[in-house]
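Those sequence lines, one after another, are chains Y and R.
Take the position in the first sequence, starting the count at 1, then add 1; the result is the number in our numbering.
Take the position in the second sequence, starting the count at 1, then add 1204; the result is the number in our numbering.
One structure below.
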Amino acid sequence: MTTSTRGSSSQRNKALPAVLVLEDGRTFSGRAYGAVGETFGEAVFSTGMTGYQETLTDPSYHRQVVVMTAPHIGNTGVNDEDPESQRIWVAGYVVRDPARIPSNWRSVRSLDEELTTQGVVGISGVDTRALTRHLRERGAMRVGIFSGDALPDAGTMLAKVRQAPEMKGADLSTQVATKEAYVVPAIGEKKFTVAAVDLGIKGMTPHRMAERGIEVHVLPATATVEDVYAVNPDGVFFSNGPGDPATADHPVSVMRGVLERKTPLFGICFGNQILGRALGFGTYKLKYGHRGINQPVQDRTTGKVEVTAHNHGFAVDAPLDKVSDTPFGRAEVSHVCLNDNVVEGLHLLDQPAFSVQYHPEAAAGPHDAAYLFDRFVSLMEGQRA
Amino acid sequence: MPKRTDIQSVLVIGSGPIVIGQAAEFDYSGTQACRVLKSEGLRVILVNSNPATIMTDPEIADATYVEPITPEFVEKIIAKERPDALLPTLGGQTALNTAISLHQAGTLEKYGVELIGANVEAINKGEDRDLFKEVVEEVNRKIGHGESARSVICHSMDDVLAGVEELGGYPVVVRPSFTMGGAGSGFAHDEDELRRIAGQGLTLSPTTEVLLEESILGWKEYELELMRDKNDNVVVVCSIENFDPMGVHTGDSITVAPAMTLTDREYQTLRDVGIAVIREVGVDTGGCNIQFAVNPEDGRVIVIEMNPRVSRSSALASKATGFPIAKIAARLAVGYTLDEIPNDITEKTPASFEPSLDYVVVKVPRFAFEKFPAADATLTTTMKSVGEAMAIGRNFPEALQKALRSLEKKGSQFDFAGEPGDKAALLEKSQVPTDGRINTVMQAIRAGATPQEVFDATKIDPWFVDQLFLVKEIADEIAGADKLGPEILAEAKRYGFSDAQIAAVRGLREDVVREVRHALGVRPVYKTVDTCAAEFAAKTPYFYSSYDEESEVAPREKPAVIILGSGPNRIGQGIEFDYSCVHASFALSDAGYETVMVNCNPETVSTDYDTSDRLYFEPLTLEDVLEIVHAETQAGPVAGVIVQLGGQTPLGLAQALKDNGVPIVGTSPEAIDLAEERGAFGRVLTEAGLPAPKYGTAFSFDEAKRIAAEIGYPVMVRPSYVLGGRGMEIVYDEPSLGEYLERHAGLISEHPVLIDRFLDDAIEIDVDALYDGHELYLGGVMEHIEEAGIHSGDSACALPPITLGGYDIKRLRASTEAIAKGVGVRGLINIQFAMAGDILYVLEANPRASRTVPFTSKATAVPLAKAAARISLGATVAELRAEGLLPKTGDGGTLPLDAPISVKEAVMPWSRFRDVHGRGVDTVLGPEMRSTGEVMGIDSVFGTAYAKSQAGAYGALPTKGRAFVSVANRDKRSMIFPARELVAHGFELLATSGTAEVLRRNGINATVVRKQSEGEGPNGEKTIVQLIHAGEVDLIVNTPYGTGGRLDGYDIRTAAVARSVPCLTTVQALAAAVQGIEAMNRGDVGVRSLQEHAEHLTAARD
């Protein structure tokens, strides 16, 4: 959804005006940041104070314009180790105070340069807190960023924003997922094989599995049950990804196939919503979603609280206080967000399958939930024994 | 699982007097904790010797013991109160050490008291260097990150040279083993230095051993504040990055929250290490602070230290994030888990999360080197600052500039007018960290330094350096703009420029800039500190200003009273003023007003978002206050602004606020001026028929000479308009007067110099009183123990006065009333009198809350500051008596005969300072205030109360042993009786020859010891200084000579400080000490809570 002119220097951009227009008509003016041009998407805010590189490259942000609540962005520049995928996925970027120079021993270029090179239209100098409060009160909505010397008039801009597609009903995972299957080898001794269905997977996820001796076969979003079992998996993984889970009929049917065979199964984020649907639960759009790295989630099996990384605008509608009967046996909500009681995890009591709505791979974010990968490993061990 | 049910009562230990490194932040945390515990239905027993604290207010705890925080006294309290548990993690190192002593002595076991919030093993692991090193090694084994600084142990010069190779080259730190106070340690930058330092170190070390450590000077420094609950849930509340790299104590560094220059991976590594450390140390529940050094070259992480308790940093983190660490620590200690505790600010989300900030917080330290001219002002790993200011902005430059102007110190703001100076010289100067280095750096930038040059000189992270360049570029834009248009003004404001700075750059007046700005509609908005970056709605109006788009100040109905706080703590203006502001807020809230607090000191109770209805964390400058008044006026009715409780800071703003149409309640700015201005005040005294010592105001040296000669030497000289006796000195002759004026050159041009007759041998008296325009309420009369001429803030005093009779009180009352009426006081007034012979002189009057208000209030069980706030808004003394806020009858001048005696003693920071040669600074008291804090001793008789005050301030007075006596000639006569008493109590007296002779003639035996100047005797007889260092002296009495420079006892007094031997520097203190020793020897010094004292007093009053 982005059109841009590339390669403009950051110095020149500084002077160029930019406007952010929300679909309800509220506008914010600022200065161009990154590429100059116009872009559209769903406006969401992220409260993480670190990890902008990981956020920008997280495929789940496809078609979203991300507002950073932390004012200073770009301080540590850009390095080549931290991206979560091959490119920046956000449709637009809204910050208050972009860094003028990067400072970090791993930095190889500035964020401004990176955004410009990748054609990501951004805006700086915005009252991001006012914008965040607006989104909190009114809910996530469509937005456009317009930058450059010749801005359209207000009416045109608003009309363009209102013409942009909505997130609800969007089927996006095939747009971001790999087209070809690939293998992430186990680090050290190989113990297991996992088929990972890529719905928008982040680089850190197969890495966390590889660290535990798992050889990860990352498969395209279009993979069939046959494709999954073609790799002789000890376990199957469904990744995170963008879009409305209500449209994800294909992954849901693949997951049902896996559940029927009782193969150990683990899902993250979109994968959690897919498990929810496979079990017969509904999904719904949250008013403004969870995006940040400070969300308190309680593991109801242990009572412990973990501080976790989130990026989801949809959630599973499952009963919190009882065990549900599903076509695959009894299921219950295993994790819940303590801020708002949103379902953050599901697990089956009669077969080895579980999922969480948040990001245990934690890039960016705290490592509190890394144990979930160990849980997946023990499910696979259990199946073997 | 909620609260434990097996704990019904808990003992909380406070941190005692304010000292450098342990200040008001522990009043904030302790107050929070006590309130929480009380609201949980527990009986809270508190011990804290510091009367200036909110936590020692009788309503905060159930039983409040203002008693010395020593294992002996705390044991008495435990024996009396029999608490179930002891919470030692909220009163700094003092509380932690006391708890450990009680544990080691078996006291806790004996009385069945459980230590909660931390266990002894965890405390030891956190505090002991070697044990902590093992903790870090274990953490590294488990998670693969974190290490201690590398070191090698060496026993010879060959070892040392090889060791440097092993550590990867110079510089290295050399630490000789087993030397006192780190003697002989230092940095070696090359082989020559290494041979010298390590050679000396090997000689000094009794085991011929030195530790060679890699230098981490110049690395990036970070802190994390963590909390853990009993279910092992851990959250990181805040990350803090030091602007100044490693080498400067974090208390003396400019610090920034959140961390600004870490990627997520690096931050998560610190977080992982921090969590692993808190687990490995085994902090059961509560907060802890962990410090890290990060190598800017490769990200290597070194764990420097951890504090298993709440700290100055945790107070800062609480204010910076809105996450109340102490409050939550208290809840965790009694059994709650983080997820069971609601987040106060959102009310609906739990505390088991990590705050996210959408603003930047900057803390800057406040130093007091001007009070200790001999002290070395280089910043090192020993903390030297006496206070701090914090500011919040939407970006770093805005927060930084607000913080710098919050310091209220001349030159603390960046100066863009005038010539910057020589680049090379400025860069060289900025290599050494000192107070104000950031200003030097800014001048270097103005002088043309490149970012690389600045980094090379200072090792300040390039991102921060660039932000300084950004500020400088904005200043250039302001200077270069055709006119002050809305764009350039908005841009300047966005980066924190004050109207005054803009005015200086443009060559305009500050008020002109403000007028232009207002006309153009460029005004700040107020944002909320909400812990969650706006993700959830905030219920707590905790505001900071920013030049952004949208304001969050909500409209209100009730009339608001805006209370101006006292800003950063400094010597002369500390926690006492915060106490009064907090009381005003409580009292006015009770009286139906909406209270609005303005302050910028993160260490205080006033800046707790719980204290007032609204909190503005803002600098106390005219500009910032005017904007707040404007914002609040738009939000609803404003009844007025209170300026008389926060010390000199708000008082200094009073007239300008009024001139800008702000309603000032209470004593009017004109009345304040009347008391401050010598001439006008003189007329008030004349009209009332009150004598003042002869004085004069000089605008030139000639005038000063003439006035001094007229008055007669000795005279007291000082600049006008000062607090805390800044620059005040007693001069004995004309040459000294000349020297004084030379040293304070520049003074005369700005403010006149006041010259007073110095009243030798007078008794000084302090009075705190309330006046409503008709009726006087005498709050309390304090008799100083030291003679006049010692600053009242540094002097010990007793209340009720111990030697004044009813007639004297009557005269004091009449004089106080006449002055209060003459000046036009509506609220509090503090007057200092001197009684010389039979004449009662008025030394000065301050129509505001004084430093002694909390002490007086506690000693008489009457909340004077609350009453003052009410009177300011129109209540009368009679009404307050009827209401019960003041006693129905009588006042502080008519205390019953059996009222307890309270003694206030000042606590001095001598041990913190060294001169450039590493020697201690002199400890003599004078007219310039230098104490950082105070303690109170309260008991039924003076001797015991005095002994308690000494025990609280410096450690208990000895009851036997060897006392060294050396006094000035004029004191010799008055020394005889107390000296005889010391002998009677079994002391062996040591004296220098002159004093010994006088004693012997009076039939008192004294062993003659050698003076330091005489050197060691032929048979190895030690000098007095050597004896003190050898630990062979238990009490020192050394009064400086009245004339002739006050220098002779320097070595003795500094040795006393080094060895922590009680040292009395006035003969009056000796007399009081003898009474104290007598009381202790009589045995059975009891403890009694303030509530019991108050009950007794109230009963006696009725």
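We put the beta carbon where it would ideally sit given N, CA and C, even for glycine.
Here the structure is a predicted model, which means the values were calculated and not measured.
The Cβ atoms of residue 2237 of chain R and residue 2225 of chain R lie no closer than 9 Å to each other.
Contact of residue 76 of chain Y with chain R by beta-carbon distance below 7 Å involves 1464, 1465, 1667.
Counting along the chain, the unbroken beta strand (DSSP E) around residue 37 of chain Y starts and ends at 37–47.
Per the DSSP secondary-structure output, residue 1747 of chain R pairs in a beta bridge with R:1732, R:1820. For chain Y, the residues of the region 1576–1604 of chain R that bring a beta carbon within less than 7 Å of one of its beta carbons are 1598, 1599, 1600, in chain order.
Between residue 1484 of chain R and residue 1342 of chain R, the CB-CB gap stays under 9 Å.
Within the region 64–93 of chain Y, the runs of beta strand (DSSP E) that reach at least 3 residues and sit entirely inside it are, in chain order, 65–69. DSSP places residue 1353 of chain R outside both helix and strand once states are collapsed to three, so it counts as coil. Shown here, residue 2285 of chain R sits in a helix according to DSSP, grouped into three states. Taking a beta-carbon distance threshold of 9 Å, residue 294 of chain Y counts as an interface residue toward chain R.
Counting along the chain, residue 1691 of chain R sits inside the alpha helix (DSSP H) bounded by residues 1690–1698.
Taking 9 Å as the CB threshold, residue 80 of chain Y lines the interface with chain R. Secondary structure at residue 1325 of chain R: helix, using DSSP grouped into helix, strand and coil. The Cβ of residue 1492 of chain R sits no closer than 9 Å to any Cβ of chain Y.
Against chain Y, the CB of residue 1557 of chain R has a partner CB under 9 Å away; the residue lies at that interface. When DSSP reads this structure, residue 99 of chain Y sits in a beta bridge with Y:74. The DSSP-derived three-state label of residue 180 of chain Y is coil. The CB of residue 72 of chain Y comes closer than 8 Å to the CB of 1562, 1563, 1564, 1598, 1599 in chain R, given here in chain order. The region 1847–1866 of chain R makes contact with the region 2070–2090 of chain R; the number of CB pairs closer than 8 Å reaches 3 or more.
Residues of chain R whose Cβ lies closer than 8 Å to the Cβ of residue 305 of chain Y are, in chain order, 1435, 1436, 1437. A distance below 8 Å between beta-carbons, with the five flanking residues on each side excluded, links residue 1615 of chain R to the following residues of its chain, in chain order: 1640, 1643. The C-alpha of residue 1593 of chain R is placed about 8 Å away from the C-alpha of residue 1608 of chain R. Within the region 1466–1528 of chain R, the runs of alpha helix (DSSP H) that reach at least 4 residues and sit entirely inside it are, in chain order, 1468–1485, 1516–1525. The beta-carbon of residue 1472 of chain R is placed less than 9 Å from the nearest beta-carbon of chain Y. Excluding the 5 residues flanking it on each side, residue 2085 of chain R has same chain C-beta neighbours closer than 6 Å at 2092, in chain order.
Looking from the CA of residue 1852 of chain R, the closest CA among R:1931, R:1772, R:1907, R:1787 belongs to R:1772. Among the bridge pairs identified by DSSP, residue 193 of chain Y is matched with Y:215. For the pair of segments examined, the region 271–279 of chain Y was found not to touch the region 1210–1220 of chain R: the number of CB pairs separated by less than 8 Å stays below three.
Taking the CA atoms as reference points, residue 193 of chain Y sits about 10 Å from residue 186 of chain Y. DSSP places residue 1346 of chain R inside the alpha helix (DSSP H), whose first and last residues are 1333–1347.
Residues of the region 94–124 of chain Y that bring their beta carbon within less than 9 Å of a beta carbon in chain R comprise 97, 98, 100, 101, 102, 103, 104, 105, 106, 107, 108, in sequence order. With distances taken between CA atoms, residue 363 of chain Y lies nearest to Y:270 out of Y:330, Y:286, Y:280, Y:270. Judged by their CB atoms, residue 1259 of chain R and residue 1298 of chain R are not nearer to each other than the 9 Å cut-off. Judged by DSSP in its simplified three-state form, residue 1973 of chain R adopts strand.
In this structure, DSSP gives residue 1571 of chain R a state outside helix and strand, which the three-state scheme calls coil.
Annotation: residue 1243 of chain R is outside any beta strand (DSSP E); the continuous alpha helix (DSSP H) that includes it extends over 1229–1243.
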